[in-house]
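Reviewing the structure listed below.
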Amino acid sequence: MHLFIEQLLNGLQFGILLFLIAAGLTLIFGVMDFINLSHGSIFMMGAYFSLVFQRLTGSFFIAIVLAGIAAFVLGVLLELLLARRLYHRNHLDQVLVTFGLILFANEAVTIIWGTQAVYSGLPESLEGQLELPFGISYPTYRIFAIGVGALVGLLLYLFIQRTRIGMLVRAGATNRETVSVMGVNISFLFTIVFGLGALLAGIAGAVAGPILSVQPGMGETVLILSFVVVVIGGLGSIRGALFAAMIVGLIDTLGRAYLRDILSTILSPAAASDAGPALASMLVYILMAVILFFKPEGLMPIQKKR
Amino acid sequence: MIEAGILEVRGAHKSFGGIIALDDVYLSLAPGEVHALIGPNGAGKTTLVSLICGEQELDAGEVYINRINATRLSVHARARLGLSRTYQLTQLFPDLSVGENILLSLVARDGSRLRVGQFVSERAARRFADEISCVLEEYALHDHRDALPGELSHGDRRRLELAMAIVRDPKILLLDEPLAGLSAADADALIEMIAQKLKGAIPILLIEHDMDAVFSLADTVTVLVNGKVLMTGRPDSVKASKEVQLAYLSEEDDF
Amino acid sequence: MSLRSALTDTLFLLVAASVGPIVALWTGDTYTLVTFQRILIVAVAAASLNMILGYGGMVNFGHAAFLGIGAYAVGLLANAGITNLGAHIVTVIIASGLVGLVFGAIALRTSSIFFIMITLALAQILYYLAVSSSTFGGDDGLVIDERSTLGGLYDPFDPYQFYALVAAFSVVLILMINHLVRSDFGRRLVACRDNPVRAEALGFNVFATKLSAFVLSCIFCGLAGLLLANQTEFASPDFASWRRSGELLVIVILGGTGKLYGPLIGAFAFILIEHTLSQYTTHWAIIFGPFLILAVLFFRSGLAGVMDQIFNRLGWRVQ
């Protein structure tokens with residue numbers, strides 16, 4: 070039972086991480102109709118930035134904040150130099166350009182930091198286990214990661230619900246025309262949204278660094294999973310992304326933990342230990358295919374107005 | 246049952262999230278007639294057309310095309326029963342030449358089903374070459390055979406779409422606001438063409454705003470108001486109807 | 013007209029296929045044949061993608077999965093002692109056709125960005141199947157002991173004879189793809205891409221047309237995978253990875269989307285660029301990434317488009 074709760078927490082932690090990345094992706098898609106493969110690279114850069122800043126400042130916490138800011142700047146530059154040339158192009162062009170960015174980013178990181186995973190210790194306060202109620206002990210750092218994710222998610226919610234820019238973002242996601250008619254400086258809005266998405270991905274990368282291994286290409290698995298989240302949740306829908314991220318995080322984690330045991334009740338142990346891990350890593354993709362088969366628009370599509 | 250029409254809508258009902266768009270609509274298109282569907286904006290004409298063509302599904306009621314129950318059939322299956330149409334916003338193949346647009350329609354006439362032979366054969370273009378020339382000649386498009394639809398004038402595009410709808414030899418022709426956006430001269434030419442060439446030869450369901458065109462072409466007029474059929478009858482009796490005048494007058498009040 | 017285009021195609025492909033042996037004879041280095049084999053194989057895969065991308069408007073971001081299916085099918089058969097090429101071909105056609113049918117039926121319910129992402133996700137299912145199942149050799153992939161045989165008619169381990177087989181196979185496949193694109197079916201496919209509303213109103217079944225094209229394209233890509241497995245004597249999960257799918261898209265775009273010779277030209281350009289750059293640096297991607305970005309931004313008609321312009325200026329008409 071304790072183990073199960075631990076796995077649930079792992080799933081929650083993974084889900085929150087996915088949400089931070091998927092929220093940016095879905096915002097950028099919802100407001101600008103832009104498909105951004107390089108979002109995973111920004112996640113990766115967040116992790117590396119955090120390492121650099123930790124060495125410079127000596128503080129893990131300041132490093133996370135600085136990594137977020139650096140990712141924001143990177144996102145803004147990306148929007149100004151590249152993305153805005155592609156809004157009126159088709160999705161294929163956007164895929165290819167951002168694919169080119171991935172190639173570039175991975176190789177640049179390899180040249181600077183090498184292919185080996187880099188690790189730069191946790192502050193003492195985050196090491197070890199935390200005793201939770203009911204006699205459950207759980208790694209402190211993962212609790213911290215859940216906390217940071219929840220905090221950032223809450224700030225995002227307040228930003229979108231309570232600020233003027235947030236209002237425009239909401240309006241832009243449901244009705245692009247209105248926003249441009251409203252006489253808002255639309256290109257400024259786009260830059261902000263892109264930067265915001267990058268900020269979220271950067272913080273996610275900085276926080277995930279100590280859990281995943283920081284190395285070239287680390288963003289890609291996460292990117293594809295975030296795509297799954299975005300698509301399941303419904304393109305452009307942040308609420309959908311949150312919901313789907315939790316589902317994907319939990320199913321992926323629990324599948325990896327328990328699928329083999331479940332299968333061994335119906336299959337031979339050998340077959341189960343072969344099929345278990347395979348099925349576990351395919352599970353979320355199968356889930357996505359099934360959901361899209363019945364609901365091609367995702368679970369919580371936003372109502373687009375023409 | 247009394248004599249069934251070539252196109253029948255029986256008891257059509259459709260609502261969108263609580264708002265009733267069509268309520269118990271009956272419509273019957275007799276062989277050979279031009280049947281006009283009119284009504285103020287928002288009366289449900291567009292909804293009725295998309296239900297007839299199969300773009301949307303009915304909540305209740307039935308659609309018969311060529312006396313076959315088509316209520317649950319897809320758009321292409323209904324087209325195969327002989328339903329052919331033009332759109333309010335002209336629908337052509339923008340990346341194919343005018344000649345190839347016609348070609349595809351001729352191909353569709355000779356069988357729109359996918360057959361194994363089509364994967365092997367590349368003969369359609371040559372087989373229909375002469376026929377395409379004839380069609381282009383007939384619709385005064387012969388100077389534009391190799392042009393893309395985007396390069397044509399609005400009137401030419403309308404004629405091309407009409408040609409595509411007609412050459413596939415339909416049993417029923419549905420014209421959705423064919424005069425919209427045309428210049429007066431183009432509109433007159435089109436009315437003339439429909440009257441000369443099509444009236445009597447193919448049963449036509451005509452959705453049109455231009456009342457002069459409606460009353461000069463139609464044999465029967467159905468008036469749709471607020472999702473209900475207000476009346477169906479001969480053009481002169483519709484013209485004389487107090488109720489119809491009231492419906493249109495109240496619309497003008499809105500504007 | 014059709015005979016002439018078939019002859020032009022054949023001539024063009026034979027010239028392309030003979031570059032390899034000429035270079036090999038010239039330099040006396042038979043190893044260069046391997047590079048040119050790869051070009052032809054990749055050209056087949058790219059041509060199969062171009063068929064649905066350029067003419068059907070379907071951005072399949074998981075196309076490389078079918079390279080994987082072809083490769084693993086050959087690997088499993090060969091390692092079970094079945095090396096006959098005919099048996100390999102039939103198996104690959106059935107396997108990639110069936111998987112293509114399922115993937116297509118799911119993906120074609122959606123469109124635009126959803127289509128891109130769902131094809132990516134479906135391909136990931138196969139990728140992870142290969143990575144995590146011991147039947148398929150897991151992470152390490154599958155070493156293939158024997159190349160496909162033709163009943164002793166040729167020696168699969170003689171470099172020139174093997175090149176001839178790969179070249180002949182590729183040329184035939186590309187000719188078939190080109191023929192399909194030009195066929196009556198191909199015109200229907202373009203019509204369904206161009207305006208599905210009009211196509212349906214004419215009585216064309218858009219879904220069935222697109223699905224047929226999708227399945228055929230998957231089969232052709234599967235057969236490219238068969239060749240790839242023979243060439244590398246290996247089946248790796250990497251064949252089916254999303255980066256490979258991305259590369260295939262890049263090759264199609266680089267060559268020119270919706271141009272008959274685009275994929276072949278794109279394959280030559282891509283592999284030769286990769287080959288040349290990687291001689292100078294292992295970090296060739298740092299040059300290729302920006303190159304790709306610039307190519308998409310400023311060079312959208314692709315190499316085939318440029319060649320069209322040159323030929324047109326010379327007064328020739330291609331395609």
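Taken in sequence, the protein lines are chains P, Z and L.
70 is the number of the first residue of the first sequence in the working numbering; add one for each residue after it.
246 is the number of the first residue of the second sequence in the working numbering; add one for each residue after it.
13 is the number of the first residue of the third sequence in the working numbering; add one for each residue after it.
The beta-carbon is built from N, C-alpha and C at its ideal position, and this holds for glycine as well.
Of the residues P/Arg233, P/Asp343 and P/Val353, the one placed nearest L/Ser145, counting alpha carbons only:
On the third sequence, residue 145 of chain L is found 133 positions in, with the first residue counted as 1. Checked all of P/Arg233, P/Asp343 and P/Val353; the closest Cα to L/Ser145 is P/Asp343.
Nearest-angstrom Cβ-Cβ length linking Z/Ala257 and Z/Leu296, presumed shorter than 8 Å
Position 12 of the second sequence, counting from 1, holds the residue named residue 257 of chain Z. Position 51 of the second sequence, counting from 1, holds the residue named residue 296 of chain Z. Yes, they are in contact, since the Cβ atoms of Z/Ala257 and Z/Leu296 sit about 6 Å apart, within 8 Å.
Using three-state DSSP, classify Z/Val361 as helix, strand or coil.
Position 116 of the second sequence, counted from the first residue, corresponds to residue 361 of chain Z. Z/Val361 falls in the coil class under three-state DSSP.
Can a CB atom of chain L be found closer than 8 Å to the CB of P/Val317?
Along the first sequence, one-based indexing puts residue 317 of chain P at 248. Closer than 8 Å: no.
With DSSP as the reference, please indicate the residues paired to P/Val187 in a beta bridge.
The residue labelled residue 187 of chain P in the question sits at position 118 within the first sequence. In the DSSP output, where bridge partners are listed per residue, P/Val187 has P/Val283.
Could you spell out where the alpha helix (DSSP H) holding P/Gln163 opens and where it closes?
Your numbering for residue 163 of chain P matches position 94 in the first sequence. Segment His160 to Trp182, the alpha helix (DSSP H) holding P/Gln163.
With 8 Å set as the bound, which would you pick, yes or no: does the beta-carbon of P/Phe362 sit closer than that to a beta-carbon of chain L?
Within the first sequence, numbered from 1, the residue matching residue 362 of chain P stands at position 293. Chain L contact via Cβ: present.
For the putative contact between Z/Pro448 and Z/Glu307, defined by C-beta atoms under 8 Å, what is the C-beta separation to the nearest angstrom?
For the purposes of this step, residue 448 of chain Z is taken as the residue at position 203 of the second sequence. For the purposes of this step, residue 307 of chain Z is taken as the residue at position 62 of the second sequence. With 8 Å as the limit, Z/Pro448 and Z/Glu307 do not qualify as a contact, their Cβ atoms being about 19 Å apart.
Element boundaries [alpha helix (DSSP H), containing Z/Lys484]
Start at 1 with the first residue of the second sequence, and residue 484 of chain Z comes out as number 239. Element bounds for Z/Lys484: Pro480 to Ala485.
Determine, for L/Arg16, whether the minimum Cβ-Cβ distance to residues of chain P falls below 8 Å.
What you label residue 16 of chain L is simply residue 4 of the third sequence in a count that begins at 1. Not an interface residue.
Of all the residues that make up the segment 83-101 of chain P, which are near chain L by a beta-carbon distance shorter than 8 Å?
Phe98
Please confirm if L/Thr131 has its CB atom under 8 Å from at least one CB of chain Z.
In the third sequence, the residue the question calls residue 131 of chain L occupies position 119. With 8 Å as the cut-off, L/Thr131 does not count as an interface residue toward chain Z.
L/Asp167 (DSSP reduced to helix, strand or coil)
Here residue 167 of chain L corresponds to residue number 155 of the third sequence, with the count starting at 1. Correct three-state label for L/Asp167: coil.
Hey, L/Gly1 and L/Thr269 are a contact pair by Cβ (cut 8 Å); roughly how many whole angstroms apart?
Given a span of 13 to 331 for chain L in the structure shown, any question on residue 1 of chain L remains unanswerable.
Can you find a CB in chain L that lies within less than 8 Å of the CB of P/Asp162?
Residue 162 of chain P sits at position 93 when you count from the first residue of the first sequence. Answer yes: the Cβ-Cβ gap between P/Asp162 and chain L drops below 8 Å somewhere.
Z/Phe261, enclosing alpha helix (DSSP H) - first and last residue
Within the second sequence, the letter at position 16 stands for residue 261 of chain Z. Counting along the chain, Z/Phe261 falls outside any alpha helix (DSSP H), though it belongs to the beta strand (DSSP E) covering Leu252 to Phe261.
Bridge partners - P/Gln198, DSSP secondary structure assignment
Position 129 of the first sequence, counting from 1, holds the residue named residue 198 of chain P. BP columns for P/Gln198 point to P/Pro208.
Buried or exposed: P/Pro208, going by 16 or more other Cβ atoms within 10 Å of its Cβ?
Within the first sequence, residue 208 of chain P is the residue found at index 139, counting from 1. Answer is buried; the Cβ neighbour count reaches 16.
Residue-level contact to chain P via CB, L/Pro249, 8 Å cutoff:
Within the third sequence, numbered from 1, the residue matching residue 249 of chain L stands at position 237. Not an interface residue.
Since Z/Glu307 is in the beta strand (DSSP E), which residue starts that stretch and which ends it?
Stepping through the second sequence from its first residue, residue 307 of chain Z is reached at position 62. It spans Ala305 to Ile310 - the beta strand (DSSP E) in which Z/Glu307 sits, taken as one unbroken run.
If we cut at 8 Å on Cβ distances, does L/Ser313 have a partner in chain Z?
Looking up residue 313 of chain L in the third sequence gives position 301. Judged by the 8 Å Cβ criterion, L/Ser313 is not in contact with chain Z.
Return the chain-ordered list of same chain residues with a C-beta closer than 7 Å to the C-beta of L/Val330, the five sequence neighbours on each side being excluded.
Residue mapping note: residue 330 of chain L aligns to position 318 of the third sequence, counting from 1. Because the pLDDT of L/Val330 is 49, which lies under 50, any placement of that residue in the model is unreliable, and the number read from its coordinates should be weighed accordingly. Closer than 7 Å at Cβ, skipping near neighbours: Asp320 and Phe323.
Does any C-beta atom of chain Z lie closer than 8 Å to the C-beta of L/Phe197?
In the third sequence, the residue the question calls residue 197 of chain L occupies position 185. Closer than 8 Å to some Cβ of chain Z, the Cβ of L/Phe197 qualifies, so yes.
Would you verify that the beta carbon of L/His75 is, or is not, closer than 8 Å to some beta carbon of chain P?
For this step, residue 75 of chain L is matched to residue 63 along the third sequence. Not an interface residue.
Please report whether the beta-carbon of Z/Phe338 lies at a distance below 8 Å from any beta-carbon of chain L.
Taking the second sequence and counting its residues from 1, the one referred to as residue 338 of chain Z is at position 93. Yes, its Cβ sits closer than 8 Å to a Cβ of chain L.
Buried or exposed: where does P/Pro202 fall if 16 or more other Cβ atoms within 10 Å of its Cβ makes it buried?
Counting from 1 along the first sequence, the entry for residue 202 of chain P is found at position 133. The residue is exposed, with fewer than 16 neighbouring Cβ atoms inside 10 Å.
Any C-beta of chain C sitting closer than 8 Å to the C-beta of L/Thr221?
Given the protein chain composition of this structure (P, Z and L), no chain C is represented.
Could you tell me which residues DSSP pairs with Z/Asp421 in its beta bridges?
Taking the first residue of the second sequence as position 1, residue 421 of chain Z is located at position 176. In the DSSP output, where bridge partners are listed per residue, Z/Asp421 has Z/Ile452.
P/Ile97 versus Z/Gly400 - alpha carbon distance:
Position 28 of the first sequence holds residue 97 of chain P. Position 155 of the second sequence holds residue 400 of chain Z. The alpha-carbon atoms of P/Ile97 and Z/Gly400 are separated by roughly 41 Å.
Below 8 Å between beta carbons: does that hold for P/Val400 and P/Val300?
In the structure as shown, chain P starts at 70 and stops at 375, and residue 400 of chain P therefore has no counterpart that could be examined.
Any contact of the segment 354-372 of chain P with the segment 402-416 of chain Z, i.e. 3+ C-beta pairs under 8 Å?
no
Can you list, in chain order, the residues of the segment 361-381 of chain Z whose Cβ is nearer than 9 Å to any Cβ on chain L?
Gly362, Gln363, Phe364, Val365, Ser366, Glu367, Arg368, Ala369, Ala370 and Arg371
Give me the residue from P/Leu89, P/His71 and P/Ile74 with the minimum Cα distance to P/Ala313.
Locating residue 313 of chain P in the first sequence gives position 244, counting from the first residue. Comparing Cα-Cα distances from P/Ala313 to each of P/Leu89, P/His71 and P/Ile74, the minimum goes to P/Leu89.
Since I believe P/Glu176 is in contact with L/Gly301 (beta carbons under 8 Å), could you give me their beta-carbon distance rounded to a whole number of angstroms?
Counted from its first residue, the third sequence places residue 301 of chain L at position 289. Counted from its first residue, the first sequence places residue 176 of chain P at position 107. Contact flag correct, Cβ pair sits at about 7 Å.
Against L/Thr122, what residues of chain P qualify as contacts under a CB-to-CB distance less than 7 Å, listed in chain order?
Taking the third sequence and counting its residues from 1, one reaches residue 122 of chain L at position 110. Simply Leu361 and Pro365.
Please decide whether P/Val297 counts as near chain L, where near means a Cβ-Cβ distance under 8 Å.
Indexing the first sequence from 1 puts residue 297 of chain P at position 228. Yes, its Cβ sits closer than 8 Å to a Cβ of chain L.
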